[in-house]
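Notes follow the structure.
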Amino acid sequence: MTTRGNVAARTAPSGSVRGGFFAFGALVMMETDVNAPMTIKDSSLPGHTRERLVVIGNGMAGCRAVEEVLARDPARYAITIFGAEPRVNYNRIMLSPVLSGEKAFDDIVINPQAWYDDNAITLVSGDPVASIDRAAQIVVSASGRIEPYDRLLIATGSDPFIIPVPGKNLAGVVTFRDLDDVDKMLAAAETGGAAVVIGGGLLGLEAAHGLSLRGMAVTVIHLMPTLMERQLDEAAGFLLKTELERRGQVILTSADTAEIIEAGGHVAGVRLKDGREISADIVVMAVGIKPSVALAKAAGLEVERGILVDDHMVTSDPAILAVGECVQHRGNCYGLVAPLWDMCRALADHATGAPTGYEGSVTSTKLKVSGIDLFSAGDFSGGDGAEDIVMRDAARGIYKRVVVKDNRLVGAVLYGDTADGNWYFDLLKKGEDISNIREALIFGQAFADASAHGGGALLDSNAAVAALSDDAEICGCNGVSKGKVVGCILGGAQSLDAVRSSCKASASCGSCTGLVESLLSLTLGGEVERKEKTVCKCTSFTHDDIRRLIVEKELKAIPQVMQALHWTTPDGCASCRPALNYYLLCALPGEYVDDQQSRFVNERMHANIQKDGTYSVVPRMWGGLTNPRELRAIADVVEKFNAPMVKVTGGQRLDIFGIKKEDLPAVWADLNAAGMVSGHAYGKSLRTVKTCVGSEWCRFGTQDSTGLGVKIEHMTWGSWMPHKFKIAVSGCPRNCAEATIKDFGVVCVDSGYELHVGGNGGIKVRATDLLCKVETEAEAMEVCAAFIQLYREQAHYLERTAPWIERVGLDHVKAGLFDDPDAVRRLAARFAYSQSFMQDDPWAKRAAGDESELHQHLAEVRPLEFVS
Amino acid sequence: MIGAMTGQWLDIGPVDQISPGNARTLPVRGGEEIAVFHTLDNQFYALVNKCPHKQGPLSQGIVHGNVVTCPLHNWNISLKTGEALGEDKGCVPTIPLRVDAGRLYLLREAVVGKKVA
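Protein chains in written order, with my numbering: chain A, 2 to 869; chain B, 10 to 126.
So, in structure tokens, the structure goes:
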């Protein structure tokens, strides 16, 4: 190597310096205000040949940058590329198809050896750079090779993130970053067995897919509740999970790895923090990547998460550029391939003297798992003025969501049909005004183009329906054409229900309800009024529809209901989420996992929120009975936690007020210790069974009303209901327990028990209806259980028994209970089955530390410590 | 944006302290308690933990989209702007928040208020 004069020519910027480098130096000064000395090159110096460009990194970014530079000025640089891997440049993002066997390594080579030769590039492969000496402007490789540079490009990419758990270094724990990793996985797959992939993001799922195709039994462990949560919303994540499970993978979400288990020096499995163990012959760590910055840091370059670069990909040292996943540009680090291309363009423009600048990238994601179409781009967090447009087609497994803000597309998530992904991405990047295609946007490019050319006819949905031909299919489920629906309407079916029953249109999945309503309105003129209100604005279905369809379609989770029933919002609202949670809980006792995020605060905190944000706590006192031990425990809690008020409630309990959310678990622990459990005074659930003293003490008492009340409360406590549910048992018709304004009331008489239902002492006082009279306690209890179950299975969420009975009629309730002589027994048995899962004191679990984060502050800020 | 992670941002810990769909609180001595939200879409927001209506603790409400429904009287509050949605009128202060390398940061001056001169 000859030493050229320009290498050492360092000087302060000066107007007299000529040549391409001046522009470079000046730009650095303006853009980043870096006061480092610059390398100034004067190409008119005698003996000048080419500037020496050394590239650290033979990956996608490094080689692309070189390609871009060569395309602009092939004669400018003498180029040396260092690569840590012993092979030519290949397409790293195509490693997934190599793993799954859909491609071979040769298929993914970007630049074969000939490319290096043709462009006179020296490739130093399998010999990574070990250090950079910025003062001498040389790099030193692991093998001791010294390479001087005029211009250095760092393209070291990123390193896999290794979660710091015991066992992370065991044999059989691999990452998924390069071809060597793929080879290790393939070797493991040859013997079959089980694989655990830690990480349910893009990389992890692709690894899981590959291993699964190679015949391994794959379990994916993902920390967050939603797969690919950075790219997908809950709805799309759920569909993806369902599909992967259908393909035989086990997907564990909200699963935190505690350690990797060893057997004989090799990995044997993974233990989760909740104690579960999954055995494995190989563990793939694919939780994420971090910019590879060690080399740059050691060389003293400015580094935060990534190597800091300006808009021209120049680092804090003007002679050193950086590009790709190792850099941090305007606060962002990128882990996807598209930004690399933009960065490389800006870098090459600059390095060849025609700087343009990189302004950051909008990224999009596609999952490379064959048979699963998934696309995501932009921001779908909604926000001020942002509007979601959601389309779901349950039959075809499609979920599409676009987010529009200020008449511009800002985000898109597509599952099942990604044909329009690029079109959306294009609209998003260009920021085009989409107001003239807004109505058709969600249906994709073809539809939107037609709409735009049709002069925006689709802006009016009725006009769009009017434009359909008579043989256009309206209802896909039942194969009903527009002509047939219109014929039906003209034949007298003048409401949605009538259309549904006469020609079956919209009678199955209901996704065409809007179309049928449009046809009704077009055919009959004027707005069509729906008889029954929908659950909320997120759906066109009524409560009854949803309850029926959950059972018919065997729906098992909230996102599944939303998908199957074409919810128009991504994750529902404060009205529909709690309703769906209840309906699923009621339909699938013991199977459905309660969704805490769909519960009102009181049911999440197991206490009643008060206007000042504190809570009130009501321990259960069976039938309103108590004893010195319980009273002492309550008194102690009141004193210990400084509760400002204790109140006797209308339901014969003691209510402790003013408890802070942080103190609730401790309060419950003290009450539990005295044998008391949650009183559920906060829930849409059985509240209290109020009693009078009855025949045991009262001279008028006809039966043991207290005893029966206690028994009923033991039978019914802990049950979730459509709304709160109150019971009372009075020992004689004087009715001291006020049983005739309860949801279920028992009035004891000499000859037995009168059972009353549908009473309410609230806003609209309603006295009960007499349901029946029975002779024994056992019968009273069985009818009570049956009535509760009928109400649980049929009422709308947030409908008390009084309005329910007013709506459906007492005869309907009586028919449901008594028409079939076996109905009471069957309903009571279903209630008992459900209760076998419900009668579990929620306070005890919280007191033992369950969900402690709900009760703890994140931290406390003490501003004084920060005031300087 | 180089250097944006310096002293004006207050590190309040890792993102996984708040599960999606939930919120947690950050009392500020001498100031307003802050509620930090994690939406189902995996976005994070910080607001003063007081509904503009009757000061209900927003942290305890149901989170849907980027809206929280106040637990006291069901006002819907935008997590992005702090404004009441629909017919209701009112606004609660928001605190600039950023996520960096898996940690949450709040704009310090918005947390502790303006320093007294």
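Virtual Cβ for every residue (Gly too), placed ideally from N, Cα, C.
Asked: Near-chain B residues of the segment 611 to 629 of chain A (beta-carbon distance less than 7 Å), N- to C-terminal order; Found: K612, G614
Asked: Secondary structure of A:K401, DSSP reduced to three states; Found: strand
Asked: C-alpha gap between A:A189 and A:G249, whole angstroms; Found: 19 Å
Asked: A:P319 vs A:G307 beta-carbon contact at 7 Å; Found: no
Asked: Residue range of the unbroken alpha helix (DSSP H) whose run includes A:W116; Found: 114 to 119
Asked: Distance CB(A:R621)-CB(A:G680) smaller than 7 Å; Found: yes
Asked: Below-7 Å beta-carbon distance, B:A44 vs any chain A residue; Found: no
Asked: Residue range of the unbroken beta strand (DSSP E) whose run includes A:P292; Found: 290 to 292
Asked: According to DSSP, residues forming a beta bridge with A:L428; Found: Looking at the DSSP assignment, A:L428 forms no beta bridge with any residue, so it has no partner.
Asked: Other residues of its chain near A:V268: CB distance less than 8 Å, five sequence neighbours each side excluded; Found: G168, L171, A172, G173, V174, I261, I262, A281, D282, I283, V284
Asked: Member of A:M229, A:Y416, A:M716 whose CA lies at the smallest distance from the CA of A:G372; Found: A:Y416
Asked: Closer than 8 Å at the beta carbon, the chain B residues around A:F381; Found: D50
Asked: Three or more C-beta pairs below 8 Å linking the segment 221 to 228 of chain A and the segment 244 to 259 of chain A; Found: yes
Asked: Buried or exposed (CB count within 10 angstroms, at least 16 for buried), A:R277; Found: exposed
Asked: Contact under 7 Å by Cβ, A:T157 with A:I94; Found: no
Asked: Separation of A:A297 from A:P590, as counted between CA atoms; Found: 58 Å
Asked: Chain-order list of residues whose beta-carbon lies under 7 Å from that of A:A184 (same chain, five-residue window excluded); Found: The residue asked about is misnamed: residue 184 of chain A is Asp in this sequence, not Ala. Correct list: empty, nothing qualifies.
Asked: Touching by the beta-carbon criterion (3+ pairs, under 8 Å), the segment 693 to 710 of chain A and the segment 726 to 733 of chain A; Found: yes
Asked: A:K743 versus A:G624 - alpha carbon distance; Found: 14 Å
Asked: Contact set between B:D25 and chain A, taken where Cβ atoms lie within less than 9 Å; Found: L224, M225, D257
Asked: Host alpha helix (DSSP H) of A:M344 (start-end); Found: 339 to 352
Asked: A:G684 vs A:E604 beta-carbon contact at 7 Å; Found: yes
Asked: Rounded distance between the beta-carbons of A:V370 and A:E207, thought under 8 Å; Found: 6 Å
Asked: The segment 464 to 493 of chain A: positions lying closer than 9 Å to chain B by Cβ; Found: none
Asked: Near the ligand ADP: A:I133 beta-carbon under 6 Å from a heavy atom; Found: Here there are no bound small molecules, and the ligand ADP is not part of this structure.
Asked: B:L67 at chain A interface by Cβ criterion, 7 Å; Found: no
Asked: C-beta atoms of A:G710 and A:T692 nearer than 7 Å; Found: yes
Asked: Reduced DSSP secondary structure (H/G/I, E/B, other) of A:A580; Found: helix
Asked: Under the three-state DSSP convention, the category A:K483 falls into; Found: helix
Asked: Beta-ladder partner(s) of A:N609, from DSSP; Found: A:S617
Asked: Cross-chain neighbours of B:G22 in chain A, by beta carbon under 8 Å; Found: L859, A860
Asked: Contacts around A:S835, its chain only, beta-carbon distance under 6 Å, and the 5 residues preceding and following it disregarded; Found: P590
Asked: Exposure label - A:C785; buried when at least 16 CB within 10 Å; Found: buried
Asked: Check whether B:I43 and B:I86 have beta carbons under 7 Å apart; Found: no
Asked: Candidates A:A634, A:K648, A:R53, of which the one nearest A:A670 by Cα; Found: A:A634
Asked: Contact belief for B:I21 with B:V45 at Cβ below 8 Å, rounded distance in angstroms; Found: 7 Å
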